[in-house]
Amino acid sequence: MNAINTVFILISILFLYPENEYYSIADFQNVEKTDSHFHIYSDKSYAVEAAIKDNFKLLSINTFSDGCERVFTTNRNCNILKEKYPEDFEFTAAFCLDGWDDKGWVENTIGWIDKSIRDGAVAVKVWKNIGMEFKDEDGSLIMIDDPQFDPVFKHLAEKRIPLVGHLGEPKNCWLPLKEMTTKNDSSYFAENPQYHMFLHPDMPSYEEQMAARDRMLDKNPNLIFIGCHLASLEWDVDVLATFLDRYPNSAVDMAARMGQLFYQTRENREKIRSFFIKYQDRILYGTDIIDREQADAESIYKRMHNTWLTDWEYLVTDNRITSNLIDGEFKGLKLPKEVVNKIYSQNAKKWYKGFE
Ligand SMILES: [Zn+2]
133 MNAINTVFIL
143 ISILFLYPEN
153 EYYSIADFQN
163 VEKTDSHFHI
173 YSDKSYAVEA
183 AIKDNFKLLS
193 INTFSDGCER
203 VFTTNRNCNI
213 LKEKYPEDFE
223 FTAAFCLDGW
233 DDKGWVENTI
243 GWIDKSIRDG
253 AVAVKVWKNI
263 GMEFKDEDGS
273 LIMIDDPQFD
283 PVFKHLAEKR
293 IPLVGHLGEP
303 KNCWLPLKEM
313 TTKNDSSYFA
323 ENPQYHMFLH
333 PDMPSYEEQM
343 AARDRMLDKN
353 PNLIFIGCHL
363 ASLEWDVDVL
373 ATFLDRYPNS
383 AVDMAARMGQ
393 LFYQTRENRE
403 KIRSFFIKYQ
413 DRILYGTDII
423 DREQADAESI
433 YKRMHNTWLT
443 DWEYLVTDNR
453 ITSNLIDGEF
463 KGLKLPKEVV
473 NKIYSQNAKK
483 WYKGFE
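Residues 133 to 488, numbered by the working numbering, are exactly what the sequence shown covers, in order.
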């Protein structure tokens, strides 16, 4: 091919096919993607095998949400999966609050975290039970800015180990069920009244949860922080933007908050689209899909594939979309390829430690 032909082809690509700037539904299989917020509570490989079929890598987030024993079992399962699928699977560490009032808690916790990182964990997860459930021996609720966490988070900051935080809950959690903006929130809190804070006015408010998280981050300016679920600021991208501006070492995942994004897109699509473009280096795609022991290969694949494809359509096309998460119709964001590549893959590698 001579130079004139090459130039002609380049000009054609630039001017005749502007659509090349965007992906289509058909590109779903071709593009490398990561689900940065997944849970595997099983020693089976079904979810990883299913992910490989759709060109996804999985980041399985270990969470102290069901006793210390499960943290250890999950860690063991994750080590096995990482060995089997070094290219397609990553996992986080989690630590327990058992023994919080004992003298050795800090030292033991740091030791456990370091061991997990040596085994291949890419971050450490903290969950909403800090701030919403766990109490010390005096009966005081343990908040995320409790001074006992200081040496642990200082250690993470020094070692550049990211902290992944699901802290607080969506703002809906403090509202009565019928005032909630998304159907997934109203059904979750109907099923889990213990976490529906509207029913527990004695517990810290939404604002107090966010303030405790911010005080912790203020104490640890070098800590890399990845806020799960849009950092519980899912209800307004302007508020989320203020958070990201204030904490430059932070990023967020979108897990289980697509309904909130759909809701805001229905109200003001351009605003949401501009937010994604402006903060394209700080947002990670994730779903919060849980693979439990009892799931079979077929049903887990179906669930993953359907969720991933719907979200892909929303992020890459401008199709008119409906979802069972909210009422009404909204238009997809049709984000440029460059932004899609970051959200779906590059940002996970950039923000998580040793993510391959
Ligand atoms: Zn989760």
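Heads up, the beta-carbon is just placed ideally off N, CA and C, and yes, glycines get one too.
Do residue j and residue i count as a contact pair if the criterion is CB distance below 8 Å?
| i | j | result |
| --- | --- | --- |
| F160 | L441 | yes |
| K257 | T205 | no |
| R435 | Y173 | no |
| Y178 | I432 | yes |
| L465 | F375 | no |
| R73 | K485 | This structure leaves residue 73 out entirely; the chain is present only between 133 and 488. |
| F394 | I458 | yes |
| K165 | S477 | yes |
Does any heavy atom of ligand 1 sit closer than 7 Å to the C-beta of residue i?
| i | result |
| --- | --- |
| C210 | no |
| H332 | no |
| T206 | no |
| H287 | no |
Suppose you measure from the CA of residue i to the CA of residue j; what does that come to, to the nearest Å?
| i | j | result |
| --- | --- | --- |
| C360 | A429 | 27 Å |
| D277 | S156 | 44 Å |
| D198 | L229 | 12 Å |
| M264 | Y154 | 42 Å |
| F266 | L213 | 31 Å |
| W483 | I356 | 8 Å |
| I404 | V371 | 12 Å |
| K216 | L331 | 45 Å |
| N473 | N479 | 8 Å |
| K463 | D350 | 38 Å |
| P218 | P308 | 45 Å |
| E311 | R250 | 46 Å |
| D175 | N209 | 5 Å |
| L299 | M348 | 11 Å |
| P336 | K303 | 13 Å |
| M342 | K235 | 29 Å |
| L190 | E239 | 30 Å |
| I422 | I262 | 21 Å |
Going by alpha carbons, who is nearest to residue i out of the options?
| i | options | result |
| --- | --- | --- |
| D489 | E239, D167, P218, A363 | Past the edges of the chain, shown from 133 to 488, lies residue 489, and the structure says nothing about it. |
| G297 | K260, S318, W306 | K260 |
| I274 | I245, A289, E340, L288 | E340 |
| N207 | V238, R452, K247 | K247 |
| S168 | G460, Y417, S455 | Y417 |
| N381 | S477, P294, L190 | P294 |
| N352 | H328, Q392, Q396, F281 | F281 |
| T419 | S406, I193, E181 | I193 |
| I242 | P279, Q426, F285, M386 | F285 |
| A387 | A427, N451, H287, D317 | D317 |
Does any residue of chain B bring its CB to less than 8 Å from the CB of residue i?
| i | result |
| --- | --- |
| A383 | As a matter of chain content, chain B is missing from the structure shown, which is built from one protein chain. |
Quiz: which residues have CB nearer than 7 Å to ligand 1 non-hydrogen atoms
My final list is H169, H171, I193, T195, H298, C360, A387, A388, D420.
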